[in-house]
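Undergrad: Heads up: the protein sequence lines correspond to chains A and B, in order.
Number 94 in the numbering used here belongs to position 93 of the first sequence; there are no gaps in the numbering.
Number 145 in the numbering used here belongs to position 144 of the second sequence; there are no gaps in the numbering.
Where is the CB? At the ideal position from N, CA and C, for every residue including glycine.
Fair warning: this is a prediction, and the values are worked out from it, not measured in the lab.
2 protein chains.
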Amino acid sequence: MIRIGIVGYGNVGRGAEAAVLQSDDMALAGIFTRRPPESVHALREETPVYPMSLLTEQGTGADVLLLCGGSATDLPVQTPELARRYCVVDTFDTHARIPEHFANVDAAAKAGRTAAIISTGWDPGLFSLMRLLGTAILPDGAGDTFWGPGVSQGHSDAVRRIEGVADARQYTIPVQRTVNAVRKGESGFTAREKHTREVYVVLKEGADPQRVAREIITMPNYFDEYDTTVHFISAEEMAAEHGAMPHGGFVIRHGKLGPAHQYSSLMEFKLELDSNPMFTGAVMAAFGRACYRLHAQGRTGCFTAFDVPLGLLSPLAAETLRSQLL
Amino acid sequence: MIRIGIVGYGNVGRGAEAAVLQSDDMALAGIFTRRPPESVHALREETPVYPMSLLTEQGTGADVLLLCGGSATDLPVQTPELARRYCVVDTFDTHARIPEHFANVDAAAKAGRTAAIISTGWDPGLFSLMRLLGTAILPDGAGDTFWGPGVSQGHSDAVRRIEGVADARQYTIPVQRTVNAVRKGESGFTAREKHTREVYVVLKEGADPQRVAREIITMPNYFDEYDTTVHFISAEEMAAEHGAMPHGGFVIRHGKLGPAHQYSSLMEFKLELDSNPMFTGAVMAAFGRACYRLHAQGRTGCFTAFDVPLGLLSPLAAETLRSQLL
Numbered sequence: 002m003i004r005i006g007i008v009g010y011g012n013v014g015r016g017a018e019a020a021v022l023q024s025d026d027m028a029l030a031g032i033f034t035r036r037p038p039e040s041v042h043a044l045r046e047e048t049p050v051y052p053m054s055l056l057t058e059q060g061t062g063a064d065v066l067l068l069c070g071g072s073a074t075d076l077p078v079q080t081p082e083l084a085r086r087y088c089v090v091d092t093f094d095t096h097a098r099i100p101e102h103f104a105n106v107d108a109a110a111k112a113g114r115t116a117a118i119i120s121t122g123w124d125p126g127l128f129s130l131m132r133l134l135g136t137a138i139l140p141d142g143a144g145d146t147f148w149g150p151g152v153s154q155g156h157s158d159a160v161r162r163i164e165g166v167a168d169a170r171q172y173t174i175p176v177q178r179t180v181n182a183v184r185k186g187e188s189g190f191t192a193r194e195k196h197t198r199e200v201y202v203v204l205k206e207g208a209d210p211q212r213v214a215r216e217i218i219t220m221p222n223y224f225d226e227y228d229t230t231v232h233f234i235s236a237e238e239m240a241a242e243h244g245a246m247p248h249g250g251f252v253i254r255h256g257k258l259g260p261a262h263q264y265s266s267l268m269e270f271k272l273e274l275d276s277n278p279m280f281t282g283a284v285m286a287a288f289g290r291a292c293y294r295l296h297a298q299g300r301t302g303c304f305t306a307f308d309v310p311l312g313l314l315s316p317l318a319a320e321t322l323r324s325q326l327l
Numbered sequence: 002m003i004r005i006g007i008v009g010y011g012n013v014g015r016g017a018e019a020a021v022l023q024s025d026d027m028a029l030a031g032i033f034t035r036r037p038p039e040s041v042h043a044l045r046e047e048t049p050v051y052p053m054s055l056l057t058e059q060g061t062g063a064d065v066l067l068l069c070g071g072s073a074t075d076l077p078v079q080t081p082e083l084a085r086r087y088c089v090v091d092t093f094d095t096h097a098r099i100p101e102h103f104a105n106v107d108a109a110a111k112a113g114r115t116a117a118i119i120s121t122g123w124d125p126g127l128f129s130l131m132r133l134l135g136t137a138i139l140p141d142g143a144g145d146t147f148w149g150p151g152v153s154q155g156h157s158d159a160v161r162r163i164e165g166v167a168d169a170r171q172y173t174i175p176v177q178r179t180v181n182a183v184r185k186g187e188s189g190f191t192a193r194e195k196h197t198r199e200v201y202v203v204l205k206e207g208a209d210p211q212r213v214a215r216e217i218i219t220m221p222n223y224f225d226e227y228d229t230t231v232h233f234i235s236a237e238e239m240a241a242e243h244g245a246m247p248h249g250g251f252v253i254r255h256g257k258l259g260p261a262h263q264y265s266s267l268m269e270f271k272l273e274l275d276s277n278p279m280f281t282g283a284v285m286a287a288f289g290r291a292c293y294r295l296h297a298q299g300r301t302g303c304f305t306a307f308d309v310p311l312g313l314l315s316p317l318a319a320e321t322l323r324s325q326l327l
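(1) Does the CB of residue 259/B have a neighbour CB from chain A at under 8 Å?
(2) Return the bridge partner residues of residue 175/B from the DSSP annotation.
(3) What separation, rounded to the nearest whole angstrom, lies between the Cα atoms of residue 46/A and residue 309/A?
(4) Below 8 Å between beta carbons: does that hold for residue 303/A and residue 110/A?
(5) For residue 82/A, collect the residues of the same chain with a Cβ closer than 8 Å to its Cβ; drop the 5 residues on either side in sequence, then sort them by chain order.
(6) Give me the Cα-Cα distance between residue 146/A and residue 209/A, rounded to the nearest whole angstrom.
(7) If you run the structure through DSSP and keep just helix, strand and coil, what is residue 203/A?
(8) Less than 8 Å between the CB atoms is what I'm expecting for residue 122/B and residue 284/B, so what's the real figure, rounded?
(9) For the stretch 271–286 of chain A, which residues have a beta carbon sitting closer than 7 Å to at least one beta carbon of chain B?
(10) Only counting runs of 4 or more residues, tell me where the alpha helix (DSSP H) segments fall wholly within the stretch 75–111 of chain B, in order along the chain.
(11) With a cut-off of 8 Å, does the C-beta of residue 118/A fall near any C-beta of chain B?
(12) What in chain A is Cβ-close to residue 141/B, meaning under 8 Å?
(13) Would you check if the stretch 293–300 of chain A and the stretch 176–192 of chain A touch, i.e. whether three or more CB-CB distances between them fall below 8 Å?
(14) Which chain A residues sit within Cβ distance under 7 Å of residue 103/B?
(15) Find the residues of chain B that neighbour residue 320/A, judging by a C-beta separation of less than 9 Å, and give them in chain order.
(16) Looking only at its own chain, which residues have a Cβ that is under 8 Å from the Cβ of residue 124/B, when we skip the five neighbours before and after it?
(17) Out of curiosity, what's the CA-to-CA distance linking residue 274/B and residue 91/B?
(18) Given that a residue counts as buried once 16 or more other Cβ atoms are within 10 Å of its Cβ, and exposed if not, what is residue 206/A?
(19) Verify the CB distance criterion: does residue 309/A have a CB-CB separation below 8 Å to chain B?
(20) Compute the Euclidean distance between the alpha carbons of residue 116/B and residue 299/B, then round it to the nearest angstrom.
(21) What does the alpha-carbon distance come out to for the pair residue 261/B and residue 289/A?
(22) Can you give me the C-alpha to C-alpha distance between residue 184/B and residue 267/B, rounded to a whole angstrom?
(23) Along the beta strand (DSSP E) that carries residue 33/B, what are the first and last residues, could you check?
(24) Counting only runs that start and end within the stretch 129–182 of chain A, where is the alpha helix (DSSP H) found for 4 or more residues in a row?
(25) Mind checking if residue 264/B is an interface residue toward chain A, Cβ cutoff 8 Å exclusive?
(26) Leaving out the 5 sequence neighbours to the left and right, which residues in its chain are closer than 7 Å to residue 264/B when beta-carbon positions are compared?
(27) Assuming residue 34/A contacts residue 50/A under a Cβ cut-off of 8 Å, what Cβ separation, rounded to an integer in Å, is found between them?
(28) Taking the alpha-carbon of residue 97/A as reference, which of 87/A, 89/A, 118/A and 72/A has the nearest alpha-carbon?
(29) Shorter than 8 Å from the beta carbon of residue 76/A to some beta carbon of chain B?
(30) Please report how far the alpha carbon of residue 271/B lies from the alpha carbon of residue 127/B, in whole angstroms.
(31) Measure from the C-beta of residue 138/B to each C-beta in chain A and report whether the shortest distance is under 8 Å.
(32) Can you pull out the residues from the stretch 141–175 of chain A whose beta carbon lies closer than 9 Å to at least one beta carbon of chain B?
(33) Would you kindly report the start and end of the unbroken beta strand (DSSP E) that includes residue 266/A?
(34) Identify which residue in 99/B, 106/B and 101/B has its Cα closest to the Cα of residue 80/B.
(35) For residue 321/B, which of 319/A, 29/A, 305/A and 218/A has the nearest alpha-carbon?
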């Protein structure tokens, strides 16, 4: 049994916990939280909940830690720090800072003789693998990634920070005609041509809807480059209709093959997820298994999805994989 | 530059050759054929064509051989034999014999201190990777693989062997309602429920169409478990309408996540290919690159797609992959 520790217990932490419970070859070593442990209720009562400080103060019996904190402030600190003592898997997704994060984690893991896999999940993670396959197999081609339809946590949070907003949910929606054009090999689309954004807002009493809508639509980086629609709804409608966290998307690669580049080839990978954090947790758990095995093979340092033989993600033995899934 | 040799020059061999010509980091060491070399015309005049016997008689300057022969009789002999002297990649796809083929190639490659990757292409190969990801991430689920719409070479050949048949082309077509049911998590479908078969036949003069149709539809393994439609056409129509070799398919995995297994998750990978052999050749070329690099890392023995870190398929350096594709 691989003993898994879960560090940070938000939505993704719960997703990782549920995935470990579905995995016959894994056991939960514990949940590690910054909150008072007695205030955290794990999915199963017998799962121990510890203060996060325990991780650095003493041993925990965990073979691999799944780091379920945020990319903005948690993971840049936690992943290198914990990689000095443990095999770790994270979901670091601040794209511009991946090289720096990789270098920090690599140095820590090599010093600690541990294995770390960063930037797992579905994007980065599975979608990265699909982008890689697309460009490696169809070098003379074009492709793109679309997200949604689904809830973007980052954009929802950004709207919630606007004065007068009590609650908000932002849906990212791929533009179907652009998806179809990319499938035919067209490229060079703008952010506005690729996705639209739909925002559902519950206003605080007395807030001015026109001002709030204007602040949303013109918000730099988050909304100004998109066509955004704002809907004002009641707290009851928000609770009843927008409680789930669905997401998904497509990775499309179109390329030309043959001596005269005359043969079109389309590769497409699609995800449709009722729950983004549950699926993210499931991907993390599979990479946790791979991390454990890489370390058991004597490998140390930092890895990404590109460096991991995918057979290591499965609980099945190599011979079984060859006879059943190849 | 990775010097690639192509062994066997049928449709897949030409696909591999075209893919090597599209790859900036590869050069063609030569084409190796059982036919008289002067009768073989490579895509570029300067590409040398050698008798296959040269491979075992003397060195050839090839770093990796792409073995483009058939799984029935060529590869079971060629792959182990050539793996004693060269790094090799094949497309062995006789499913029941993969364990035996793996063991033979592994012994040969270890004896020769070479690296071999077997069963590449899109199925086995890319589709195998998708089946593995599906089952590893969604263990509580179901899924299936569909092929087509596309031409099955094996089924076309089987029809051509019937007395009175001058030419034939067989299209495999997924049944859309079954595809949709699998996307919702249903499973347990029969061969007949998953695919239909459409056969286009040119008869020899005087042949009885009723007998030929009956022999096709009742042919064990190939057609008897499917709903098959037979169309008799002229040689002209065959040449005009059925000269291409399109193919493709889907790998679908549906699973349930969450503490009460309440969240549906759908993973789907799709290929739509104008030319099956050109795409197969392109996948082989990418695995040829990976084979070269595994060997450069000191790895020897037999590998499958499950054992290869996918980053090795790309010509880009690991840092570039992390900053551009992760």
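TA: So, from the listed chains and residues:
(1) yes
(2) 196/B
(3) 34 Å
(4) yes
(5) 57 and 109
(6) 36 Å
(7) strand
(8) 5 Å
(9) 271, 272, 273, 274, 275, 276, 279, 280, 283 and 284
(10) 75–84
(11) no
(12) 23
(13) no
(14) 323
(15) 100 and 103
(16) 94, 146, 148 and 250
(17) 20 Å
(18) exposed
(19) yes
(20) 9 Å
(21) 22 Å
(22) 7 Å
(23) 27–34
(24) 154–161
(25) yes
(26) 257 and 258
(27) 6 Å
(28) 72/A
(29) no
(30) 10 Å
(31) yes
(32) 141
(33) 264–274
(34) 106/B
(35) 305/A
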